[in-house]
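When you line the sequence shown up against the numbering used here, it's residues 970 to 1095, in that order.
For each residue, glycine too, the CB sits at the ideal point set by N, CA and C.
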Amino acid sequence: MGANKTVKFKIKKGDLVQVISGAKQERGGDRGKQGKVLRIFRENNRVLVEGINRVTRHTKVGQSQRGSKTGGIEVIEAPIHISNVAVVDPETNKPTRVGYRIDTVEKDGKERTVRIRVAKASGKDL
């Protein structure tokens, strides 16, 4: 990718997504799990999904300004590559591809064309 090129993703913050690759849940993996997108990292094509790809982080124990202990062992979510997740269809609750439908909306007396994200499987709005 180029240095100043911004990539357009079909997955947005707040979308319900499902992990479509990786180890099965029986083997301790996250495949098949669903969660909400918390953040998108455009620079390295990754997304942070709620409850997915949880890792144990060991942080050095210290003290905050108030004197309470900070650090220790904490479990946090780590980013996962955007190609390993798919948006969940609101009708079937299964992963689907994302398409667009172009509508004209009248706002403040002007006609505007807007792109509405649609689930390819069912045709429902996302």
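Residue pairing for residue 1080: DSSP places it in a beta bridge opposite 1075. Restricting attention to 1048, 1025, 1036, the CA atom closest to the CA of residue 1004 is found in 1048. Taken atom to atom, the span from the alpha-carbon of residue 1001 to that of residue 1077 is near 44 Å. Distances from the CA of residue 1012 to each of 976, 1064, 1053 were compared; the closest alpha carbon is that of 976. Counting of Cβ neighbours within 10 angstroms places residue 1026 among the exposed residues, the total staying below 16.
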